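Novice:
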Amino acid sequence: MGKLRGQRSRPPDDAASLHLAAHVQSCGRAGDLRRARLLHARLVLSGAAAASTFLANHLITTYSRCADAGSAVRVFRAVPRPNLVSWTALVSCLARNSLHRDALDAFAAMRRAGVAPTEFALSSAAGAAAALAAPRPGAQLHCVAVALGFDAELFVASNLADMYSKCGLLGEACRVFDQMPHKDAVAWTAMIDGYAKNGSLEASVLAFRDMRREGLVGADQHVFCSALSASGGLKDGLLGRSIHCSVMKAGFELDTIVRNALSDMYAKSGDVENASRVVKIDPGGWNVVSGTSLIDSYIENDRVEEALGVYTELRRQGIEPNEFTFSSMIKGCAMQALLEQGVQLHAQVIKTNLIGDSFVGSTLVHMYGKCGLISLSLQLFSEIECHTEIAWNAIINVYALHGHGREAIKAFDRMVSSSIRPNSITFVSLLTACSHAGLVDEGLKYFYSMKDAHDIQPKEEHYSCIIDMYSRAGRLDEAEKFISEMPMKPNAYGWCSLLRACRMRGNKELGEIAAQNLLKLEPGNTGIHVSLSGMYASLGQWDDVKAVRKLMKDSSIKKLPGFSWVDANNKTHVFGSEDWSHPQHEQIYEKLEKLSERIKAEGYVPDTNSLPLILEDSAKERILRYHSERIAVAFALISMPATKPIIVKKNLRICIDCHSAMKFISKVPPFCERDVLLWRLLGTLVFLPLGDAKFKGLSLWKAIFSVEMKSIPAIGPAVVER
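Going by UniProt numbering, the first residue of the sequence shown is number 1, and it counts up by one from there.
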């Protein structure tokens with residue numbers, strides 16, 4: 001026993017230490033944790049581990065490479081007198097294994113022990129500060145580097161520049177970068193990525209060009225990914241294609257990370273065809289990132305059917321969607337009011353256990369709100385585990401869509417009291433809610449609180465909400481004064497809101513000013529001439545009506561025909577005004593006549609002034625009665641079960657008279673027995689609650705109308721061919 005103790009206490013000679021160190025290193029290079037532990041056990045039994053700091057340092061490095069930081073720390077603590085290499089190995093091990101806070105603590109302990117750090121320890125500590133985006137420890141490390149003369153070392157300076165950029169301190173990052181005598185791919189990547197992530201997209205692209213121009217550094221896949229990210233953010237397809245050429249020359253086109261970055265860049269640039277080609281370069285190379293980028297691209301370009309096809313292909317290949325995939329798909333369903341598909345996606349979200357995710361939950365809240373099911377939106381909002389600003393924005397926007405201004409204000413107050421900071425999107429939804437509910441004074445209070453209380457500079461969309469608020473309330477003089485005091489000119493939405501209000505209120509002079517400014521912004525918008533014509537007709541100025549129509553004819557401007565379509569029995573049925581071409585037209589018009597009689601008995605009076613035509617009132621009533629949306633509703637009533645909500649989609653805004661008629665239709669059987677009636681209008685739904693037979697809540701039925709007049713989109717197979 002005494003002999004064994006004597007053997008264990010005797011340190012190995014230099015040759016034996018080198019031999020044992022080589023074995024330890026081989027375990028680290030191979031990542032063989034099991035063999036490393038066996039060798040460590042033999043060294044402990046022989047006494048070499050405790051007697052040789054040299055071998056202990058190699059063990060720390062080996063455990064670091066095997067991702068066993070706990071064992072590395074235990075070895076370090078067993079060293080009686082750690083030397084410079086021991087401390088450096090420990091700091092590097094902790095940083096390498098993502099224990100960044102522990103790495104900074106170890107570096108601080110190293111300084112307290114009076115050990116001067118090497119450039120390698122400084123580089124690892126700076127990398128840990130960068131990963132934590134911790135500017136204060138990072139600046140302290142920078143001071144240490146300057147004091148020790150390591151601030152110009154390549155690895156140290158690269159990590160310091162990366163740390164400053166990740167902390168949003170681009171000025172400091174640039175100073176560190178510019179003082180580097182030599183720059184490698186890591187340094188360039190730090191700056192390119194830092195610019196991109198801090199919103200300086202043009203600077204990021206310029207840095208990439210400067211790097212390529214120097215010709216001293218070969219770009220790796222990380223540099224290309226950062227440059228492609230900046231290009232996608234700029235939506236610069238030409239620049240993205242040039243980077244794609246560089247990617248191909250460098251041989252990285254089949255690299256999964258680079259391919260994902262390429263598809264994302266093309267998707268953000270709106271080039272869905274090239275995005276699709278990149279994804280399909282390798283038929284077996286589909287992954288959730290590239291597939292989600294392609295889905296998002298189709299959604300952003302309002303091509304929901306293609307997005308559904310990509311989603312189906314992902315599932316066919318056995319690729320599980322993540323929270324971003326579901327969010328994009330649900331967003332697409334909200335845009336097209338695809339309630340059934342949205343419900344199916346909701347079921348899959350529950351199945352994949354992502355229902356508690358704030359991002360996914362928020363998009364579901366938005367989708368059900370857009371589809372008129374506000375009670376489901378509220379239920380899902382309450383089930384979200386962590387109410388982020390995205391979740392609060394979603395529920396406030398749902399209230400805004402349905403004209404529930406008071407509820408939107410309460411939600412906003414709860415958001416602020418929960419220490420969630422509102423952003424500019426929050427205020428757009430809040431001001432919209434106040435506008436739709438007629439809460440002008442409240443809306444103005446929140447508008448002026450943006451800068452004073454929340455340090456948010458109002459943008460043109462916020463000013464347009466105030467214009468819309470004044471316009472809806474009929475306070476046109478105040479709207480005109482507000483426009484004259486704005487720091488910028490109103491956008492198209494603001495002028496359109498004013499023009500629509502002038503048409504309703506008969507303010508010819510202000511309406512003409514609004515129309516002139518709107519024509520400058522959207523010269524191809526045929527709705528401007530139609531609104532002007534309607535305004536003149538409501539004032540009985542038929543000569544002006546004729547002048548507008550002559551101008552339209554001379555300029556080859558045609559009024560866009562209105563269509564309404566509804567999905568029933570797995571088919572899309574399209575209807576135009578006074579449409580007699582549907583196979584069931586006799587039953588449809590019989591139902592429509594009965595509805596017309598019933599709503600007149602309830603008090604409906606046709607608003608013939610909404611038609612800019614010189615006709616008898618009876619003729620105008622007939623035209624109004626056979627508008628496409630009413631035909632679509634009549635068809636839905638005879639074709640769909642009473643328990644199913646009716647969703648009617650349109651390519652143009654609903655007219656004032658049909659707006660009124662739908663309120664009365666909702667009162668009469670069998671409509672009052674249905675759950676909801678919905679109108680989809682250019683991506684926005686108007687919701688009419690039908691649960692209250694007393695007609696309560698109809699004053700809250702507010703529409704958000706887009707100024708853009710689009711042609712009827714592709715909607716799949718239609719029964720009626722045109």
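C-beta atoms are modelled at their ideal positions from N, C-alpha and C, and glycine is treated no differently.
The model shown is predicted, which means the values in this text are computed figures rather than measured ones.
The alpha helix (DSSP H) that contains Trp495, what's its start and end?
Specialist: Along the sequence shown, one-based indexing puts residue 495 at 495. Looking at the DSSP string, the run of the alpha helix (DSSP H) that includes Trp495 is 492-505.
Novice: Is it the case that the region 77-89 contacts the region 50-69, given that we only count it when at least three CB pairs across the two stretches are under 8 Å?
Specialist: yes
Novice: Out of Val91, Ala67, Asn57, Thr88, which has the shortest C-alpha to C-alpha gap to Val75?
Specialist: Along the sequence shown, one-based indexing puts residue 75 at 75. The shortest Cα separation from Val75 among Val91, Ala67, Asn57, Thr88 belongs to Asn57.
Novice: Please state whether the Cβ-Cβ distance between Asn97 and Ala67 is less than 9 Å.
Specialist: Within the sequence shown, numbered from 1, the residue matching residue 97 stands at position 97. Within the sequence shown, numbered from 1, the residue matching residue 67 stands at position 67. Cβ atoms of Asn97 and Ala67: closer than 9 Å.
Novice: Asp162 and Gly127: beta carbons closer than 9 Å?
Specialist: For the purposes of this step, residue 162 is taken as the residue at position 162 of the sequence shown. For the purposes of this step, residue 127 is taken as the residue at position 127 of the sequence shown. A contact, by the Cβ cut-off of 9 Å.
Novice: Over the uninterrupted alpha helix (DSSP H) stretch that includes His182, give me the two end residues.
Specialist: Walking along the sequence shown from the start, residue 182 turns up at place 182. First-last for His182: undefined, no H or E at that position.
Novice: Indicate whether Ser419 and Ala394 have their beta-carbon atoms separated by less than 9 Å.
Specialist: Locating residue 419 in the sequence shown gives position 419, counting from the first residue. Locating residue 394 in the sequence shown gives position 394, counting from the first residue. Contact: no.
Novice: Report the three-state DSSP secondary structure of Ser297 (helix, strand or coil).
Specialist: By one-based count along the sequence shown, residue 297 stands at place 297. Helix at Ser297.
Novice: At what residue ranges does the region 231-302 contain a whole run of the alpha helix (DSSP H), taking only runs of 4 or more?
Specialist: 237-250, 256-268, 272-279, 288-300
Novice: Using DSSP's beta-bridge definition, name the partner residues of Thr189.
Specialist: Against the sequence shown, residue 189 aligns to sequence position 189. Per DSSP, none; premise fails for Thr189.
Novice: From the DSSP output, in three-state form, read off Asp567 for me.
Specialist: For the purposes of this step, residue 567 is taken as residue 567 along the sequence shown, with counting starting at 1. The answer is strand: DSSP assigns Asp567 an E or B state.
Novice: Any contact of the region 617-627 with the region 313-323, i.e. 3+ C-beta pairs under 8 Å?
Specialist: no
Novice: Where Ala337 and Lys370 are concerned, what is the direct C-alpha to C-alpha distance, given to the nearest angstrom?
Specialist: Here residue 337 refers to the residue found at position 337 of the sequence shown. Here residue 370 refers to the residue found at position 370 of the sequence shown. In a straight line, the C-alpha of Ala337 is about 7 Å away from that of Lys370.
Novice: Check this for me: beta carbons of Ser158 and Asp184, under 9 Å apart or not?
Specialist: Against the sequence shown, residue 158 aligns to sequence position 158. Against the sequence shown, residue 184 aligns to sequence position 184. For Ser158 and Asp184, yes; Cβs fall inside 9 Å.
Novice: Pair every Cβ in the region 490-507 with every Cβ in the region 530-544, then say whether three or more of these pairs are closer than 8 Å.
Specialist: The answer is yes - the region 530-544 touches the region 490-507, with three or more Cβ pairs under 8 Å.
Novice: Suppose you measure from the CA of Asn287 to the CA of Asp579; what does that come to, to the nearest Å?
Specialist: What you label residue 287 is simply residue 287 of the sequence shown in a count that begins at 1. What you label residue 579 is simply residue 579 of the sequence shown in a count that begins at 1. Whole-angstrom Cα-Cα distance: 47 Å.
Novice: Would you identify the three-state DSSP class for residue 726, choosing helix, strand or coil?
Specialist: In the structure displayed, the chain extends from 1 to 722; residue 726 sits before or after that span and is not available.
Novice: Is Leu685 buried or exposed, if buried means 16 or more other CB atoms sit within 10 Å of its CB?
Specialist: Within the sequence shown, the letter at position 685 stands for residue 685. Its pLDDT being 34, under 50, Leu685 is placed unreliably in this model, and the value from its coordinates should be taken loosely. Result: buried.
Novice: Report the CB separation of Met504 from His529 in whole angstroms; it is logged as a contact under 8 Å.
Specialist: Taking the sequence shown and counting its residues from 1, the one referred to as residue 504 is at position 504. Taking the sequence shown and counting its residues from 1, the one referred to as residue 529 is at position 529. Going by Cβ atoms, the distance from Met504 to His529 rounds to 17 Å, so no, they are not a contact pair.
Novice: Using only alpha-carbon positions, find the residue among Arg34, His402, Gly356, Glu616 that is nearest to His387.
Specialist: Here residue 387 corresponds to residue number 387 of the sequence shown, with the count starting at 1. Nearest option by C-alpha distance: Gly356.
Novice: Indicate the three-state DSSP secondary structure (helix, strand or coil) for Val605 in the structure shown.
Specialist: Numbered from its first residue, the sequence shown carries residue 605 at position 605. Three-state DSSP puts Val605 in coil, outside helix and strand.
Novice: Whole angstroms is fine: what's the gap from Thr189's alpha carbon to Arg212's?
Specialist: The sequence position of residue 189 within the sequence shown is 189, counting from 1. The sequence position of residue 212 within the sequence shown is 212, counting from 1. Cα-Cα distance, rounded: 12 Å.
Novice: Here's a check: name, in chain order, each residue in its chain whose Cβ is nearer than 6 Å to the Cβ of Leu354, leaving out the five neighbours to either side.
Specialist: One-based indexing of the sequence shown puts residue 354 at position 354. Only Glu323, Val360 meet the Cβ criterion.
Novice: Just to confirm before moving on: does the CB-CB distance between Gly194 and Leu170 stay below 9 Å?
Specialist: Position 194 of the sequence shown, counted from the first residue, corresponds to residue 194. Position 170 of the sequence shown, counted from the first residue, corresponds to residue 170. Yes. Within cutoff.
Novice: Under 8 Å by Cβ, that's how I've got Cys93 and Ser123 pegged, so tell me the actual separation to the nearest angstrom.
Specialist: Taking the first residue of the sequence shown as 1, we reach residue 93 at position 93. Taking the first residue of the sequence shown as 1, we reach residue 123 at position 123. That belief does not hold up - the Cβ atoms of Cys93 and Ser123 are roughly 14 Å apart, past 8 Å.
Novice: Under 9 Å between the Cβ atoms of Gly332 and Val304?
Specialist: Position 332 of the sequence shown holds residue 332. Position 304 of the sequence shown holds residue 304. A contact, by the Cβ cut-off of 9 Å.
Novice: My output table needs one value for Lys410: the three-state DSSP class, helix, strand or coil.
Specialist: As a first step, residue 410 must be located in the sequence shown, where it is residue number 410. DSSP places Lys410 in helix when its eight states are reduced to three.
Novice: What ranges does the alpha helix (DSSP H) occupy inside the UniProt repeat "PPR" (83-117), keeping only unbroken runs of at least 4 residues that lie completely in it?
Specialist: 84-96, 100-112
Novice: Does the beta-carbon distance from Ala125 to Leu99 come in below 9 Å?
Specialist: Your numbering for residue 125 matches position 125 in the sequence shown. Your numbering for residue 99 matches position 99 in the sequence shown. No, the pair does not count as a contact, with Cβ atoms beyond the cut-off.
Novice: Per DSSP, what kind of secondary structure is Lys559 in: helix, strand or coil?
Specialist: The count along the sequence shown starts at 1 and reaches residue 559 at position 559. In the structure shown, Lys559 sits in coil (DSSP, three-state: anything other than H, G, I, E or B).
Novice: Which runs of the alpha helix (DSSP H), 4 residues or longer, sit entirely within the UniProt domain "DYW" (603-668)?
Specialist: 617-625, 628-639, 656-665
Novice: Using beta carbons (cut-off 9 Å, strictly below), is Arg213 in contact with chain D?
Specialist: The structure shown contains no chain D; it is built from a single protein chain.
Novice: Are three or more beta carbon pairs between the region 567-575 and the region 628-642 nearer than 8 Å?
Specialist: Yes, they touch.
Novice: Ignore the nearest five residues each way along the sequence and tell me which others in Ser358's own chain have a CB closer than 6 Å to its CB.
Specialist: Start at 1 with the first residue of the sequence shown, and residue 358 comes out as number 358. If we look at Ser358 and ignore the five residues flanking it on each side, its Cβ neighbours are Ile384, Cys386, Thr388, Ala391.
Novice: For Thr62 and Ala36, which I take to be in contact (beta-carbon distance under 8 Å), what is that distance rounded to the nearest angstrom?
Specialist: For the purposes of this step, residue 62 is taken as residue 62 along the sequence shown, with counting starting at 1. For the purposes of this step, residue 36 is taken as residue 36 along the sequence shown, with counting starting at 1. With 8 Å as the limit, Thr62 and Ala36 qualify as a contact, their Cβ atoms being about 5 Å apart.
Novice: Determine the closest residue to Gly659 out of Asn651, Asp607, Tyr311, with distance taken between C-alpha atoms.
Specialist: Translated into the one-based positions of the sequence shown, residue 659 becomes position 659. Contrary to the premise, residue 659 reads as His rather than Gly in this sequence. Comparing Cα positions, the closest option is Asp607.
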